[in-house]
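Novice:
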Amino acid sequence: MMDSPTNTDLIPSPKPPDNGVPGGQFYDEYNAKRPLISVWNIREAMSKDGQCAVKKIIDQNCPHVLVLLEAHIRRLWRRWVYEEMSILEVAGFAGGLWVLKNMKCTLSMQVLDHSNQVITMSIGNGSLAWTVSWVYASPRPIEWERL
Numbered sequence: 001m002m003d004s005p006t007n008t009d010l011i012p013s014p015k016p017p018d019n020g021v022p023g024g025q026f027y028d029e030y031n032a033k034r035p036l037i038s039v040w041n042i043r044e045a046m047s048k049d050g051q052c053a054v055k056k057i058i059d060q061n062c063p064h065v066l067v068l069l070e071a072h073i074r075r076l077w078r079r080w081v082y083e084e085m086s087i088l089e090v091a092g093f094a095g096g097l098w099v100l101k102n103m104k105c106t107l108s109m110q111v112l113d114h115s116n117q118v119i120t121m122s123i124g125n126g127s128l129a130w131t132v133s134w135v136y137a138s139p140r141p142i143e144w145e146r147l
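The sequence shown runs contiguously to residue 147 in the UniProt record's numbering.
1. Around the Cβ of Leu128, are there at least 16 other Cβ atoms within 10 angstroms (buried) or fewer (exposed)?
2. If you run the structure through DSSP and keep just helix, strand and coil, what is Ala137?
3. Tell me the DSSP secondary structure of Val99 in three-state form.
4. Looking only at its chain, what residues have a beta carbon closer than 8 Å to the beta carbon of Lys33, apart from the 5 residues adjacent to it on each side?
5. Identify every residue that forms a DSSP beta bridge with Trp130.
6. Using the Cα positions of Trp134 and Leu97, report the straight-line distance between them to the nearest angstrom.
7. Compare the C-beta of Asn125 against all C-beta atoms of chain D and say whether one is closer than 8 Å.
8. Measure from the alpha carbon of Trp130 to the alpha carbon of each residue in Gln51, Val111, Tyr136 and Glu89, then state which is nearest.
9. If I follow the unbroken alpha helix (DSSP H) through Val54, where does it start and stop?
10. Given that a residue counts as buried once 16 or more other Cβ atoms are within 10 Å of its Cβ, and exposed if not, what is Asn31?
11. Between the Cα of Pro141 and the Cα atoms of Gln117, Met121, Val132 and Ile123, which residue gives the shortest distance?
12. How would you call Met121, buried or exposed, if buried means at least 16 neighbouring beta carbons within 10 angstroms?
13. To the nearest angstrom, how far is the alpha carbon of Met109 from that of Ile123?
14. State yes or no: is the C-beta of Lys101 within less than 8 Å of the C-beta of Val65?
15. Return the first residue and the last residue of the beta strand (DSSP E) that Glu70 is part of.
Dropping the structure here:
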């Protein structure tokens, strides 16, 4: 079991841009080696308040991987420092699953499998690797079987 970090073990994250949003996150040395992933159901992103909320999350957390659900926002995310890794487009007025990677991030990411409601990826950082499934679906037996 790992001990809790002490103040001397903490490493500050890169300072976010000076845009009036308070910043200053800290990670312990162990967690600094893991990817920071933010997942958000972003259905309100096209509103001005929604766009401000997303920008604040990005500025404060600088996530390596950003996963957006109900993302009707292609023109919005292109203004951020993210590239698309996998996108399941919206079907009608609901759904949509976007996995974006910070362009400054050195993680390796590869899509292993996908359906219209699930994206399974391998995310690697040197000798460490994770398999992650992002799901945006109703609880259906066929999707659970797929996972």
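The beta-carbon is built from N, C-alpha and C at its ideal position, and this holds for glycine as well.
Specialist: Short version:
1. exposed
2. coil
3. strand
4. Bear in mind that a pLDDT of 47 at Lys33, under 50, signals an unreliable position, so the model cannot answer this.
5. Ile123
6. 8 Å
7. Among the chains in the structure shown there is no chain D, since it carries only a single protein chain.
8. Val111
9. Lys48 to Asn61
10. Confidence is the limiting factor: at Asn31 the pLDDT is only 49, short of 50, which leaves the residue's position unreliable, though a coordinate-based value still follows. Exposed is the call here.
11. Gln117
12. buried
13. 5 Å
14. yes
15. Run containing Glu70: none; DSSP gives neither H nor E here.
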